[in-house]
Structures are given as C-alpha cells and as structure tokens.
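See below for the structure under consideration.
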Amino acid sequence: MDKSQQRTWFIEIAFLIILAAIGYLPQVNRLSYYREDWFYIYDAIVAGPAIFHQMFVIDRPARGLFFEIYYLLFGPNPFAYHLSAFAWRILAGVGALWFFRLLWPNARKLGFSMAALFVLFPGYVWWVGAVEWQPHIASLALEVVSIALTIKAIQSDKIWLKILVTATSILSGWVYILLVDYAIGMELFRFLCIYLVLRRAYEPGKNLQLFIRYVRVSLAYLAIPLAFLLWRVFFFDNQHKSTDIEFQLGFFLAAPLERTILWGNHLWISILNLVYQSWWMPLKQNFAALDMQSRIMSTILALINVLVIIIVFRIISRSTNPAVDRTHHSNNRSTETILLGFFGMIFGLTPVILANRFVAFQGYSHYGLPASLAVVIFVTGMCSIIPSKYIKYALIALLVGGSTLTHQALAANAVREEQIIKDFWWQAYWRVPSIREGTLLAANYPSIDLGDDAIIVGGPAKFMFFPNERQKDGRLVRYKLGAVELSDENLKNIQEGNLKHTSRYRSHVAFINFGNVLILTQPSIDSCVRVIDDRWPEVSSMDANQIISILPYSDIGLIDLERSVPRPLEYIFGREPSHSWCFYYERADLSRQQGDWEAVAKIGNEVIESEIAPNDLVEWLPFIEAYAFLGDATKAEQVAGFLVEDRYYRKLACENLHLMPANGFTIERVMQEKLDLLLCIP
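In this note's numbering, the protein residues as written are 559 to 1240.
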C-alpha cells in the first residue's frame, strides 16, 4: 500500500468512526443500567466478580471469565461498559472495512458502504444494555477480525506472516464462538469467503486445482468449529436446554416433518426481518415514542451522518481511478455480493433456527447480530445493481440516515426509561425508610412495559434497600426481597396469598412469598409514587386495573420504620431530584404511616404557603386527614376545596375520613360534619 492509499485508508477509518460516534455516543453519558444489567452488577457487588462463573457455568463458561475480567477492570460503573461496547463496535467496523477491502480491493465505495451500514446496523436493538450484551458485541468484533485475518493469510506471500495470521484467526475464532455459541454458523460464511478469494486466482476450467487448494486452505480453519463442537458435545455438561444440542435434536426426531416446516418458516421470517424490516421496524417502534425535542435532535444527527457519507463518497471518487472501478464492475461483483450475502445469512442463522429461535425486534434481535455482516453485503449488493449511481448512493445514504435515527431513538427511549426508574426510586427513598427482608414487591412504573422483566423493579430496589449486602462463600446470591411483574397469574397469586416458592436464576436465588406483598405505583410521570397502605384504600383515577385489583393485599407493615437505608449511590440513581411536590408528599405520607399528624400538617402548611400543588388530586388526602384529625377546620376545608369539583376524589376523601376512627384516629364530630357537607353530599 503506497502513501496515497494509506492516507485514504486512514481517512475512511476516521469517517467510519465519526459515523459510529454520531450514531451511538450522543446519549452515552446518560445511559445507565438497562433491564437485566441490574442483576449482573448487583450479584457481582454482593458476591464479587467470581460470581460470574456461577452465572454462566451451565451453558457458556467463557462468559464467566469475560465478565470477571470486565468487573475487575470497571467495577459497577455503567459509563465504562457503554464506552467499552462502543470500542468493540469500532473494532468491528474497522475490521469489516478491512475485510471488504481485502475481498474487493478496487471497489472502495462499495466496501465503505458495507462498513458504514454494518457499524450502524439497526437490526440489533439491545446495545443500550451495555453490561448484559457486552459479550455479543465483543464476539461480533472478533468474528469479523477472525474472518478478515483468514483472507489476509490466504493473500500473504510470507510464510511467517501467513502462520502468525492464521494462528491469530483461529484463536479469535474460538473466542467469538465461545462467547456466542450460535455464531458458529458464520464459520460456513468463512469458507464461502475462502472459496471466493481462491476462485479469482484460477482460470475457468481449472476446477480440480481450485478444489485441491480450497481443501488444503480450509483444513486449518476447520479447527475452529470442530474443536468447539467436540468440546460442546463430548466434554461439556450443558445444563441449559436451549443451548443443548442433544436436547434440540430430540425435538427434530420426535416430529421431523413438522419441525422442518417450522424451521423453514423461522428462517424465512428471520431473513425477511434482517434484510427488510430491520431498516425501518425498530425505527417505527422507537421514534414514535420520542418527544418533539428528541425527534428534532435525532433527525439533525441523522442528517449529519447522511452528509458524512456523501462527503466520503466524494473523497473516494476523487482518489479512485474510474477505469479500474469500471473494469471491476464488469466482473460480476454485484452477483458475488448478493450470493455471498444471501448464503452467509442462511449459514449464520442456521444454528439459531435449529435451536428453535428466530430473529425479531421484540426481545430476539441479538440472534441476527452474527449474521449482520452477511446482511449488509446482501443489501449493498442489491443496491449495486441499480443502474443510476445517484439513486444507488442516495439509497445507501438514506439507509445510513435511517440507521442513525434508529439508534438515536433507541438511546433516547432507554435514557427516558432509566430516568423514570431513577426518579421512581428516589421518591421511594423519600417515602420508605427501609423494607423488611422477605418482602415481595409489585410495582407499576409510568409509561414502561415491564413485560417479564421484573428485574427492573427488584434490581433498583435491592440497590436501594440492601446496598451493603456481601457474601464471600461463592454460592448463589441470596436476595432479601423479590419482585414480580403484574401478569394475570401473579395477580391471582397475590389475591390468593398462599403461594410460596424459591425462584432461582443463574447466580441468585430468591424466596417468593405472595402473602408478603408491598405495592408501589406511579400511574403517570406527573404523579408521585404511592406506597399502597391497606388501611387507606386510595385509588387514583389514573391507576392501572392491575393495581386496583390487588390494592387490599398490600401490607404496609413490610416497611421497616426502625431502620433507614444509606443515601442512594449517585452513579446508579443519579443526582437527587429537586424537592418539588412529590418530595413533600412522600414525607407527608411517611409521617401519616408513623401516626405523626402534626408533621403531616406542618408539611401541608409549607406546600400551601409555597403554592405547590399535585397533578394527581389523590395526593391531597394525607393533608385533609391530618387537618381533620388535628381539628384545623380552616385548613381542612381549604384543602377539601381543591377536591370538590371532582366527584371521584370528593367521594374517595369522604370514604377515607370515615375510615380513620376504625384505624385509631377519631375525628371530632363537628369537624366530621363540616367535611361531610363539603365531600360526602352527592
């Protein structure tokens, strides 16, 4: 490579990094733990980094070592994990750019287009979870580098370099499969690339010589999949059924025709999702949820990346010999890319399909990540057959812009979700001094669909209320509280209240007791977190039906009023929010639980004087009750006046005031009559 080529090579790398930085970094300092990241870090804090061996011993032990090294390097700092994930993404992108240049050295626009689409591939939506999904992006980077090294070894004339590069290729090949076992299908893609490179060195009619050379070259690289499969089948005791080869084979043998049809359908769906829907479906799912400011900012960044790719195309055009490029075009390059990409996708997806999985954007996007290298080859190949170069490169630029927009929307929604969770638990900290061991939490976040991820309730709660738990015995982490999502089955179990069981997952175990439930709810972002007290059945008009159905089963006695937890860790929960209405409401509600009505009234006086008011009228109830109990008719009538125009809350306040004597707090008859006139007359 001469100096001019080196200069343009470094320019392309620089612009590729710029594209990736614009795509992934604008929100990175605001991203924190996402979904199952919570239990990864909490378990490591409690039991030390060795717990990761326990976490993955059942199916992917290499990940245990991977996470142990990571935790020793970065500890629980989420920002470091996000930066590391970006570094792996850059390595994957630069490796892909090198790989494409090795395959098609005279098609620089094509190669850069593929690398740009690869580094910004929008069909993988889990990158915002930088802890749990760190091995996947690391595996992808090592996969690309390993395959690129194979091509480099074939093209090298120096024996010592060929041996060194081949050994490095095999070693990195083993590592990427050990981290993500279903990526093994990309080994067949490697052999396709070997054939493609060797075929160019032989004239038509020399098929025998080509075949002999192909077998000789490929034998060394067979060590990658064969060694892994031998270890997996004969030496490793796999305890996870979804990754157990023999277990999955049993499904096929039980109904071969039915299973073959199902696999074919899953393969077709997965290819369709990767080739077509990945470029717009995640965007559609995430962009619609953005506020206007986030939409504008995301669109601006997407347009910047479109401009960047146009600039790169112009730079490449000025430094490329058009005659060389046209000659290469005549050599069926489009056919090569389409066929290589198509069969690469099939091979890359085959292990996923055989494990009875498929690629989808709601929970299963990671299954398409290893094959994303083949996806961008196929998509760019399809674009290359467009006769007009302006339309062709405009389409590439559109895909780059759309991918950038997708990642910006993903990040913005993840940041929003994480901020909602942080704000929720700051309010819980203001309201709840501590929680008793054995409590089962049922919580409702505003604007967040928990799905089956109760960990985003239990995870923050354990960091909040049991932050100093430590155990050094190397066994499973024993959780002192549990959490459940509000599924129909769990709602029924809470209502019945007699089910107890031990729940174990990878590195931790929790005792679940549906008779020890504490309910927390925040029906909207503008509402405050309410800890449901079964003595005061306060139902917001915005509460979800699931919460309403289990209100009577919340045990307020599970809050430990004798202890207090330390201040929340800022790197986990962020800075303490400003002390607006919800701070005062939470402190007042805690004082009400403690029976300190004077403290509730004092807080009420402060918010009234400051002209602070709630967005959800149900939050006035502690203050009405305090003034009523203390005999302050002026303030009681003033606060009751905030509710009189709302029939629902007027009736609720009336009912709760009549419940106070039954709970040991008698209201004077004259006061009760005054409030009845305001609140209880229809």
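For glycine and all other residues, C-beta sits at the position ideal for the given N, C-alpha and C.
Check                                                                                                                      : Outcome
Beta-bridge partners of Lys842, as assigned by DSSP                                                                        : According to DSSP, Lys842 bridges with nothing at all.
Cβ neighbour criterion (16 or more within 10 Å) applied to Pro1240                                                         : exposed
Contact check, Pro680 vs Trp826, beta carbons under 8 angstroms                                                            : no
Per-residue DSSP class, three states only, for Lys1030                                                                     : coil
Close-in-space but distant-in-sequence residues of the same chain around Arg565 (CB under 7 angstroms, 5 per side omitted) : none
Environment of Ser1061 [buried if 16+ CB atoms lie within 10 Å]                                                            : exposed
Alpha carbon of Val973 to alpha carbon of Ala725, nearest angstrom                                                         : 42 angstroms
CA-to-CA distance, Phe982 to Asn792, given in whole angstroms                                                              : The sequence as given places Phe at residue 792; Asn does not occur at that position. Whole-angstrom Cα-Cα distance: 49 angstroms.
Thr1079 - containing beta strand (DSSP E), residue span                                                                    : Val1075 to Thr1079
Tyr682 in three-state terms, based on DSSP                                                                                 : coil
Where the beta strand (DSSP E) through Ser1061 begins and ends                                                             : Lys1058 to Tyr1063
Close Cβ partners of Pro1025 (< 6 angstroms) along its chain, the five nearest in sequence each way excluded               : none
Cβ-based burial, Arg1133 [other Cβ within 10 Å; buried from 16]                                                            : exposed
Check whether Leu737 and Arg621 have beta carbons under 8 angstroms apart                                                  : yes
Range covered by the beta strand (DSSP E) that runs through Asn1002                                                        : Thr997 to Asn1002
Three-way DSSP call (helix, strand, coil) for Asn1071 in this model                                                        : strand
Whole-angstrom distance between Leu1179 and Asp739, CA atom to CA atom                                                     : 56 angstroms
Rounded straight-line distance, which links the Cα of Asn1048 to that of Glu1054                                           : 10 angstroms
Sequence ranges, alpha helix (DSSP H) only - wholly within the segment 1167-1200, length at least 4                        : 1179-1188 and 1191-1198
Among Pro991, Ala706, Asp601 and Pro636, the one whose alpha carbon lies nearest that of Gly651                            : Ala706
Inside the segment 731-808 only - alpha helix (DSSP H) runs reaching at least 4 residues                                   : 744-757, 765-779 and 781-788
Asp1010 classed as buried or exposed, judged by whether at least 16 other C-beta atoms fall within 10 angstroms            : exposed
Simplified DSSP assignment, three categories, for Val1089                                                                  : strand
Cβ-based neighbour list, Tyr753, same chain, cut-off 7 angstroms, excluding 5 preceding and 5 following                    : Tyr772
Of the listed residues Ser930, Gln843 and Ile896, nearest to Gln920 (C-alpha basis)                                        : Gln843
One or two residues paired with His1066 in a DSSP bridge                                                                   : Val1035 and Tyr1063
Collapsed DSSP secondary structure at Ala929 in the structure displayed                                                    : coil
Residue(s) in a DSSP beta bridge with Ile993                                                                               : Ile1117
For Ile1166 and Leu1201, the rounded distance between their alpha carbons                                                  : 15 angstroms
Local Cβ density within 10 Å of Pro1219, reported as buried at 16 or more and exposed below that                           : exposed
Which listed residue (Gly926, Ala696 and His1137) has its alpha carbon closest to that of Ser1168                          : His1137
Same chain only: Cβ atoms within 6 angstroms of Ile1077, ignoring 5 sequence neighbours per side                           : Ala1000, Ile1090 and Ser1112
Cutoff 6 angstroms; reference Arg884; Cβ partners in own chain excluding five residues on either side                      : Caution applies to Arg884, whose pLDDT of 49 falls short of 50 and renders its modelled position unreliable; the model cannot decide the point.
Val1042 (DSSP reduced to helix, strand or coil)                                                                            : strand
Buried/exposed call for Phe769, threshold 16 Cβ in 10 Å                                                                    : exposed
Close Cβ partners of Phe871 (< 7 angstroms) along its chain, the five nearest in sequence each way excluded                : Lys667 and Tyr951
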